[in-house]
Amino acid sequence: MSNLVEDDPCGPGKFVAPVRSIALRTEIPGPKSRVALARRSALMGADLPPNIVVGQAHGARVIDLDNNVFIDFASGTDGLGMGHTHEQIVSAVQSAVERYDVMPPHATDERQFRLVTLLCELMPHGVVTKARLFSQPEQALAALGVDRELALTEPVTLAGVATSTSAAANSAHWLISDERHLNIGRLGAYSAAQAVGMQPDLTLVNLRAGATLVALVGRGDIIDDMQVHDDPVHPLAVTAALAGLMLVQEQNLAARGCQLADLLRDQTAVWTFPALAQVRQIGALFVLKLRSASLAQQLVDSALQRGLLLRTADSDPACVPLLYPLMVPEEQFYEGLDVLEAALAEISHGEDHG
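Just so we're aligned, residue 0 is where the sequence shown starts under numbering that gives the first Met the number 0, counting upward by one.
1) Would you kindly work out how many angstroms separate the C-alpha atoms of residue 182 and residue 326, rounded to a whole number?
2) With H, G and I counted as helix, E and B as strand and the rest as coil, what does DSSP make of residue 176?
3) Just confirm the distance between the C-beta atoms of residue 232 and residue 133, as a whole number of angstroms; I'd bet it's less than 8 angstroms.
4) Name the DSSP beta bridge partners of residue 319, please?
5) How far does the beta strand (DSSP E) with residue 44 in it extend, from its first residue to its last?
6) Please state whether the Cβ-Cβ distance between residue 172 and residue 153 is less than 8 angstroms.
7) Taking 8 angstroms as the limit between beta carbons, can you name the residues of its chain near residue 241, skipping five residues before and five after?
8) Taking the continuous beta strand (DSSP E) assigned at residue 243, which residues delimit it?
9) Excluding sequence positions up to five away, which residues of its chain have a Cβ less than 6 angstroms from the Cβ of residue 219?
10) According to DSSP, residue 63 sits in a beta bridge with which residue or residues?
11) Within 10 angstroms of the Cβ of residue 176, are there 16 or more other Cβ atoms? Answer buried if so, exposed if not.
12) Can you name, in chain order, every residue of its own chain whose Cβ lies under 8 angstroms from the Cβ of residue 28, other than the five neighbours on each side?
13) For a test of the three-state rule: what should DSSP assign to residue 58, helix, strand or coil?
14) If you compare alpha carbons, which of 277, 267, 216, 208 is closest to residue 244?
15) Return helix, strand or coil for residue 253, following the three-state DSSP convention.
16) My assumption, with CB atoms under 8 angstroms, is that residue 194 sits in contact with residue 282. Please give the rounded CB distance.
17) In three-state terms, what does DSSP make of residue 210?
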């Protein structure tokens with residue numbers, strides 16, 4: 000990214016330092032965060048605690064209790080890829096909670112219909128597409144019944160591995176694309192199944208936009224046959240998901256993901272870090288495969304101390320997926336990559352001399 004400003008009053012072509020988002024004012028974790036983490040351990044058990052305590056967050060930025068500012072490349076599994084506290088989602092939820100925040104038994108509201116309509120438009124399954132909303136993925140799967148032959152398959156894992164579905168599709172009565180760990184648009188299409196050419200009977204969609212919500216979108220005959228009991232979803236979760244999904248469509252986040260992928264591909268193409276075994280890419284999902292799980296954790300820790308939040312993949316602890324919000328500003332995107340490169344260089348230093 001160029002920092003040359005042609006119309007700068009100091010003269011054409013003058014270098015202008017980019018405005019940094021990351022601001023570390025204390026050690027990590029800072030003193031206020033350490034107090035909060037100690038209370039957490041005392042009250043919730045002595046597990047392995049997190050290293051920061053969030054005070055607020057917006058977009059790709061997270062601010063802890065000590066006013067340290069981080070860039071977040073770890074929370075992109077949130078269903079709609081908006082980043083934190085998007086203004087339109089916050090406004091929609093605030094407006095909704097002024098009307099009602101609890102759904103009476105055996106009742107529904109118009110926002111559910113609008114959300115389901117939009118889902119069916121974006122993710123068609125055959126001639127007739129229908130969808131149902133659930134509070135948790137387990138409820139959605141239970142509603143399919145226990146007597147069905149199901150193939151529940153992740154088209155792409157957070158380790159950056161595409162799953163072969165041909166054998167499962169041939170042997171199962173229904174093929175379900177499990178996309179609860181990917182956000183809409185991450186792979187350059189509205190669903191991961193669309194991105195990899197899979198044709199599932201059903202898709203389990205992550206609609207989390209601050210509150211957990213999932214949908215089963217699929218063939219109308221299957222949805223009609225589901226064993227659904229009266230378990231209403233929370234109206235505020237529906238409101239947030241609807242506002243977020245409308246943004247996904249309006250902002251064309253699938254295309255935005257592809258633009259970020261092009262930028263990242265150019266950056267990673269020249270990397271020669273000894274600790275890095277492989278860079279995997281599917282759509283806008285980039286995954287760093289380190290030479291060991293230990294090195295992957297070292298990368299996460301080193302990046303944290305520099306102000307970048309990362310995570311390892313549950314399915315392969317040697318992998319670090321880059322889960323930036325699809326709406327991340329380019330300046331923060333590049334700043335995060337600069338920190339990532341510094342962390343990779345640090346953990347590779349020992350590999351050079353190992």
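Note that CB positions come from ideal geometry on N, CA and C, so glycine has one too.
Put simply:
1) The residue labelled residue 182 in the question sits at position 183 within the sequence shown. The residue labelled residue 326 in the question sits at position 327 within the sequence shown. Approximately 12 angstroms, taken between the alpha carbons.
2) Residue mapping note: residue 176 aligns to position 177 of the sequence shown, counting from 1. In this structure, residue 176 counts as strand in the three-state DSSP scheme.
3) In the sequence shown, residue 232 corresponds to position 233, counting from 1. In the sequence shown, residue 133 corresponds to position 134, counting from 1. Right, their Cβ atoms sit about 7 angstroms apart.
4) Here the question's residue 319 lines up with position 320 in the sequence shown. BP columns for residue 319 point to 287.
5) As a working note, residue 44 is residue 45 in the sequence shown. No beta strand (DSSP E) contains residue 44, which DSSP labels as neither H nor E.
6) Reading the sequence shown from its first residue, position 173 is the one you call residue 172. Reading the sequence shown from its first residue, position 154 is the one you call residue 153. No, the pair does not count as a contact, with Cβ atoms beyond the cut-off.
7) Indexing the sequence shown from 1 puts residue 241 at position 242. Cβ within range, chain order: 91, 110, 113, 114, 117.
8) Taking the sequence shown and counting its residues from 1, one reaches residue 243 at position 244. That residue, residue 243, is in no beta strand (DSSP E); its alpha helix (DSSP H) goes 234-249.
9) Within the sequence shown, numbered from 1, the residue matching residue 219 stands at position 220. Same-chain partners within the cutoff: 127, 129.
10) The sequence position of residue 63 within the sequence shown is 64, counting from 1. DSSP, once it has assigned bridges, lists 53 as partnering residue 63.
11) Translated into positions along the sequence shown, residue 176 becomes position 177. Result: buried.
12) As a first step, residue 28 must be located in the sequence shown, where it is residue number 29. Counting only Cβ-Cβ distances below 8 angstroms, and skipping sequence neighbours, we find 36, 50, 51, 52, 63, 65.
13) By one-based count along the sequence shown, residue 58 stands at place 59. Strand, per DSSP.
14) In the sequence shown, counting from the first residue as 1, residue 244 sits at position 245. Comparing Cα positions, the closest option is 208.
15) Here residue 253 is taken as the residue at index 254 of the sequence shown, counted from 1. Residue 253 falls in the helix class under three-state DSSP.
16) The residue given as residue 194 occupies position 195 in the sequence shown. The residue given as residue 282 occupies position 283 in the sequence shown. That belief holds up - the Cβ atoms of residue 194 and residue 282 are roughly 5 angstroms apart, short of 8 angstroms.
17) The residue labelled residue 210 in the question sits at position 211 within the sequence shown. If DSSP states are grouped into helix, strand and coil, residue 210 belongs with coil.
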